[in-house]
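Down below is the structure, laid out as structure tokens.
Residue numbers (this note's numbering): 67 to 383.
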């Protein structure tokens with residue numbers, strides 16, 4: 067099963083598609099979306115290679131340690147240890163400055179400095195240990211690796227910490243390197259199958275997805291959004307509703323479900339409740355009857371009196 071698109075990416079995509087091409091924040095939103103999408107692609111690439119590893123793995127962990135939320139790209143489980151994987155989809159020449167704890171990326175002659183990923187995984191380890199303790203589970207060793215998902219990246223290291231060098235892997239090294247690492251543990255098991263199952267179940271039940279308000283983040287008001295049902299082919303907003311379909315006046319494409327994409331964008335950017343009048347305004351639909359018919363396709367049972375009845379949008383992903 068492929069890794070699901072994050073809620074933040076979905077919101078940014080909707081926002082980008084519904085602002086003017088001349089909007090002052092359009093380029094910044096595009097760059098933000100590009101970074102998140104590249105990271106998601108890298109994590110999905112790592113997921114593919116993790117299928118070859120022994121034992122169980124959990125992807126996209128987001129928990130609360132009692133002080134603040136924390137996120138882990140992937141976690142390998144065994145009865146002897148846990149292994150955190152922090153995935154980076156960086157391209158170009160990557161220099162790990164182990165002495166000064168920073169990562170320098172050079173692409174097309176331009177250098178950028180990033181936070182040392184080892185600082186990140188050390189904090190993740192501390193937070194996961196705290197969460198395990200709060201959950202009442204026995205202590206267990208936790209290790210970590212940095213995974214470079216971009217096959218075009220080149221790695222160099224500055225510093226004498228050989229242990230850290232061994233903890234940076236290219237994504238294609240995951241199956242062989244981590245299989246050998248996991249199988250190298252000897253001695254008694256520290257967690258039983260019951261503990262592993264309990265641990266996995268608690269992670270699933272306490273998962274808290276990051277839900278950002280992208281409209282507020284960029285200071286964009288509802289009035290700045292361009293509404294209308296989208297064309298599935300040319301992406302024009304504001305295609306026309308015919309008797310039993312939507313019709314694009316620019317390319318001639320037809321759609322049976324363009325209103326569902328419109329409702330999804332409203333849900334992501336504004337909220338998951340909408341009235342018949344509000345829907346008619348953003349969809350360009352003229353009659354209450356047609357609007358009610360379309361709303362019933364993408365909404366849960368409504369509530370409220372007829373005049374101000376609210377529909378609960380149930381689409382999202």
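Cβ atoms here follow ideal geometry from the backbone N, Cα and C, with glycine treated the same way.
query                                                                                                                                                           : result
For residue 376 and residue 353, I'd like the C-alpha separation in whole angstroms.                                                                            : 16 Å
Going by DSSP in three states, residue 103 sits in which element: helix, strand or coil?                                                                        : helix
Mind the definition here: the region 285-302 touches the region 166-182 only if three or more C-beta pairs lie below 8 Å; say whether that holds.               : no
Restricting to Cα atoms, I'd like to know which of 356, 117, 144, 281 is closest to residue 80.                                                                 : 281
Mind checking whether residue 160 and residue 171 have CB atoms under 8 Å apart?                                                                                : yes
Could you check how far apart the C-beta atoms of residue 123 and residue 143 are, in whole angstroms? I think they sit under 8 Å.                              : 7 Å
Closest to residue 349 by C-alpha separation, out of 369, 308, 245, 319, would be which residue?                                                                : 308
Can you give me the start and stop residues for the alpha helix (DSSP H) that residue 267 sits inside?                                                          : 259-271
Would you report the Cα separation of residue 368 and residue 83, rounded to the nearest angstrom?                                                              : 28 Å
Buried or exposed for residue 365, please, with buried defined as at least 16 other CB atoms from any protein chain shown within 10 angstroms of its CB.        : buried
Taking all protein chains shown into account, decide if residue 193 is buried (16 or more other Cβ within 10 angstroms of its Cβ) or exposed.                   : buried
Helix, strand or coil: which one does DSSP assign to residue 67?                                                                                                : The predicted position of residue 67 is uncertain, since its pLDDT is 45 and thus under 50; no value can be drawn from it.
Which ranges does the beta strand (DSSP E) cover as unbroken runs of at least 3 residues, wholly within the region 134-189, from first to last along the chain? : 135-143, 148-154, 159-163, 168-173, 176-181
Cβ-heavy atom distance between residue 117 and the ligand HEM below 7 Å?                                                                                        : The ligand content of the structure shown is nil, which means the ligand HEM is not present either.
Is residue 130 helix, strand or coil by DSSP?                                                                                                                   : strand
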